[in-house]
C-alpha cells in the first residue's frame, strides 16, 4: 500500500492540492446526471469515479488534463454499468422529465423539452453532445474521453445536433394556459 501523508496518498501529493480533485465534482455531477438521469445514481457514479481516481491516481500523468482523465474514468464506469444492466437505461423515463430550474415556467418548459429530446438521442450521440456542448470539451478531448477517433466525435455530434433540431422543431413547445 502506498504511504500516506495526513491520510492522503503520496501520489495525490503530485496534484497541487486535493482541491484539484474536488473542484471537478460539480461538473462530474452535472455530466453524471445527464447520463443516468437520476440524482441518486448520478451521485453514486460520481463517488465511484472519485474512488477509482484515487485508487488509480498513479496512472494519471501530471501535467495532463485532470478533468479529461476524470471524465474518461466516469465514461468507462458508465459503460460498464450499462453493460451490466443489459444495455438498458438506468432510470425511469418519468425521471428524465424532472426539472429543477429556477425562474419562470416558460424556461422550465423549454428545459424540459430539451431534456426530453436529449433523452431520445442514442447514448453515443448524447454523450458527445454533453461533453462538447455542455462541458465544453474540445473534439480531441472528447475523443480521448470516449476512446474513439476525433472524426467519430464530429460525426456523432453532427448527427446529434440534426436529431435535436428535428425533435425540437417537430415538437410544438408546451404552451402555457392562462387560468382565471
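In our numbering, the protein residues as written are 998 to 1177. Just so you know, even glycine gets a beta-carbon here, dropped at the ideal spot from N, CA and C.
To which residues of the same chain is residue i closer than 8 Å at the C-beta, ignoring the five residues directly before and after it?
i, result
"residue 1028", "1068, 1071, 1127, 1128, 1131 and 1132"
"residue 1039", "1026, 1029, 1030, 1032 and 1033"
"residue 1021", "1063, 1064 and 1067"
"residue 1142", "1065, 1068, 1069, 1072, 1128 and 1134"
"residue 1152", "none"
Apart from the five residues on each side of it in sequence, which residues of its chain come closer than 6 Å, Cβ to Cβ, to residue i?
i, result
"residue 1043", "1025, 1026 and 1029"
"residue 1056", "none"
"residue 1161", "1114"
Could you check whether residue j and residue i sit closer than 8 Å to each other, using their CB atoms as the reference points?
i, j, result
"residue 1047", "residue 1074", "no"
"residue 1157", "residue 1147", "no"
"residue 1112", "residue 1164", "no"
"residue 1106", "residue 1125", "no"
Helix, strand or coil: which one does DSSP assign to residue i?
i, result
"residue 1163", "helix"
"residue 1148", "helix"
"residue 1118", "coil"
"residue 1140", "helix"
"residue 1059", "coil"
"residue 1153", "helix"
"residue 1135", "coil"
"residue 1078", "helix"
"residue 1020", "coil"
"residue 1158", "helix"
"residue 1130", "helix"
On a Cα-Cα basis, can you pick out the residue from the options that is closest to residue i?
i, options, result
"residue 1053", "1060, 1109, 1041 and 1066", "1066"
"residue 1045", "1076, 1110 and 1060", "1076"
"residue 1144", "1121, 1083 and 1159", "1121"
"residue 1183", "1110, 1139, 1140 and 1150", "What the structure shows of the chain is the stretch from 998 to 1177, and residue 1183 is not part of that stretch, so it cannot be assessed."
Can you list, in chain order, the residues of its chain whose CB lies under 7 Å from that of residue i, leaving out five sequence neighbours each side?
i, result
"residue 1050", "1018, 1067 and 1070"
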